[in-house]
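Just below is one structure, and these are the notes that go with it.
Numbering (the numbering used here), first residue to last: 152 to 638.
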């Protein structure tokens with residue numbers, strides 16, 4: 152890693168590029184602005200959890216079906232924000248607002264880091280914008296994505312306060328706040344600070360320098376930390392290769408793989424041309440290594456390694472300190488804008504489809520027990536935004552639904568009568584196009600009044616006695632024979 156090259160000052164010549172970057176940051180929330188329903192895979196289940204969290208005490212159905220217990224853990228970002236925002240605006244508006252702010256906040260973090268280090272906006276930060284709409288964002292990992300945005304802003308502040316005697320006092324609460332959002336974002340902040348300090352003063356001092364961020368170790372020690380085993384899954388090598396191919400999975404397989412390739416080539420070109428700023432380069436190196444060394448499952452969370460790939464690419468791009476012609480700075484974001492446009496277009500179509508499917512809500516009585524079944528093509532490249540759509544029955548009808556994250560000991564939301572066949576992923580039907588969709592023996596249906604199916608193909612069979620009472624182009628709702636007697 153090389154010392155940072157002398158950059159131009161942030162005078163008038165930089166202002167148009169800064170304004171361009173700020174405009175791109177504002178545009179980054181475009182998919183939220185053009186749709187009625189955010190098309191994030193986990194989003195409906197998050198809304199359901201927020202709904203139970205805020206309304207369980209006053210609702211007999213929610214009180215009967217669900218338990219909710221606050222747990223001091225590094226995975227609370229949106230949940231904490233939802234308490235004031237959801238109370239004032241309601242869970243749907245608050246959920247939309249939180250999601251719509253995450254992408255611009257991440258973009259502002261990227262801008263802040265480059266500006267505080269180099270007093271300009273360069274090709275590296277504009278390339279890094281591509282990583283904002285990562286698979287983690289598409290899947291609705293609100294807490295993780297929010298924590299990464301805050302980690303970038305916190306790191307920029309760390310650099311800005313260099314030499315200030317009271318910086319440690321500021322970062323005691325900041326470190327705790329980032330950890331409360333999500334432990335992975337706290338880890339990213341620690342790696343950024345370590346990499347910066349390692350570049351400045353290699354040795355033991357670099358390991359000790361992030362000590363003001365260590366306050367979250369107190370609740371970790373008091374609670375015993377993560378109780379769930381590390382798990383690399385089956386065929387770990389093949390899996391690691393696959394997640395790198397899907398490192399920026401979005402709407403187009405060819406474009407997504409090409410995007411990862413372009414970013415890696417840009418980072419490698421900067422490295423071999425000695426245009427990597429070591430103040431970020433060391434952190435990028437650590438993050439790249441962690442994507443290979445970390446397990447898939449960590450502390451009860453899934454895809455711990457996959458979600459770091461976009462972060463590693465982001466920091467790797469930010470580390471590029473390469474003076475290019477000014478006109479190129481207005482061309483480089485084209486890749487970001489194309490991907491953003493594809494995402495927005497997909498959201499518009501999917502939101503219309505979901506709106507038609509949600510007409511089924513009118514046929515579901517309050518407090519019903521609903522078995523969701525969602526078809527996902529095993530050969531599908533993009534994430535399935537309908538995977539947790541049955542959870543809307545909880546948001547609108549206070550229903551018991553099987554598509555929630557509700558496992559006792561892992562999630563704050565749990566079922567009052569734990570049933571391993573009635574939580575996520577029991578609603579998932581992963582099938583190849585040639586496979587039949589047999590629901591005659593669908594296990595969650597045995598504990599339900601209604602079966603709510605989502606998929607591009609009609610099921611080949613339904614539970615005995617099921618009566619279809621609603622159909623759309625993409626879903627059906629069936630009243631089950633055991634309606635009113637199940638459970």
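Each residue gets a CB set at the ideal place from its N, CA and C atoms; glycine is no exception. In this text, all values refer to a predicted model and were calculated from it rather than measured experimentally.
- A buried status is given to residue 265, since no fewer than 16 other beta-carbon atoms sit within 10 Å of its beta-carbon.
- For the pair residue 591 and residue 613, the CB atoms are nearer than the 8 Å cut-off.
- Secondary structure of residue 523 (DSSP, three-state): strand.
- If you draw a straight line from the Cα of residue 362 to the Cα of residue 304, it comes to about 18 Å.
- Proximity of the segment 207-220 to the segment 548-564 meets the contact definition, three or more beta-carbon pairs being nearer than 8 Å.
- The beta-carbon separation of residue 473 and residue 503, rounded to 43 Å, does not stay under the 8 Å limit for a contact.
- Per the C-alpha coordinates, the member of 178, 368 and 269 positioned closest to residue 252 is 178.
- Going by beta carbons, residue 225 and residue 331 fall inside the 8 Å limit.
- If you look at residue 464, you'll find it in the alpha helix (DSSP H) that goes 457-469.
- For residue 427, DSSP records a beta bridge to 471.
- For residue 263, the secondary structure class from DSSP, reduced to helix, strand or coil, is helix.
- Counting only residues of its own chain and dropping the five nearest sequence neighbours on each side, residue 335 has a CB closer than 6 Å to the CB of 295.
- Within the model, the alpha-carbon separation for residue 542 versus residue 165 is close to 48 Å.
- A distance below 8 Å separates the beta carbons of residue 192 and residue 538.
- Rounded to whole angstroms, the separation of the alpha carbons of residue 339 and residue 280 is 17 Å.
- The segment 617-634 makes contact with the segment 500-518, as at least three CB pairs between them are under 8 Å.
- Below 8 Å, too few C-beta pairs join the segment 276-292 and the segment 307-322 to call them touching: fewer than three.
- When DSSP states are grouped into helix, strand and coil, residue 503 belongs to the helix group.
- Ranking 260, 400, 525 and 545 by CA distance to the CA of residue 198 puts 545 first.
- Here residue 564 is not near residue 603, since their CB atoms are 8 Å or more apart.
- Taking 3 residues as the minimum length, the beta strand (DSSP E) runs contained wholly in the segment 189-265 are 217-219, in order along the chain.
- Looking from the CA of residue 229, the closest CA among 187, 580, 293 and 167 belongs to 293.
- In the three-state reduction of the DSSP assignment, residue 448 falls in the strand class.
- Rounded to whole angstroms, the Cβ separation of residue 343 and residue 306 is 4 Å, and the two are in contact under 8 Å.
- Where residue 383 is concerned, there is no enclosing beta strand (DSSP E), because DSSP gives it neither an H nor an E.
- By the neighbour-count definition (other C-beta atoms within 10 Å, threshold 16), residue 341 is a buried residue.
- When the five nearest sequence neighbours on each side are left out, the beta carbons in the same chain lying within less than 7 Å of the beta carbon of residue 311 are those of 267, in order along the chain.
- Excluding residues up to 5 positions away in sequence, 344 lie with their Cβ nearer than 6 Å to the Cβ of residue 309 in the same chain.
- Going by DSSP, residue 359 is part of the alpha helix (DSSP H) stretching over 355-359.
- In the DSSP secondary-structure assignment, residue 628 is bridged to 603 and 621.
- In chain order, 402 place their CB closer than 6 Å to the CB of residue 497, counting only its own chain and leaving out the 5 sequence neighbours on each side.
- In terms of Cβ geometry, residue 194 and residue 505 do not form a close pair [threshold 8 Å].
- Counting other Cβ atoms within 10 Å of its Cβ, residue 337 reaches 16 or more and is therefore classed as buried.
- Shown here for residue 480: same chain residues with a beta carbon closer than 8 Å to its own, the five before and five after excluded, namely 168, 171, 272, 273, 274 and 277 in chain order.
- Following the DSSP letters along the chain, one finds residue 579 inside the beta strand (DSSP E) bounded by residues 579-582.
- Under the three-state reduction of DSSP, residue 343 is assigned to helix.
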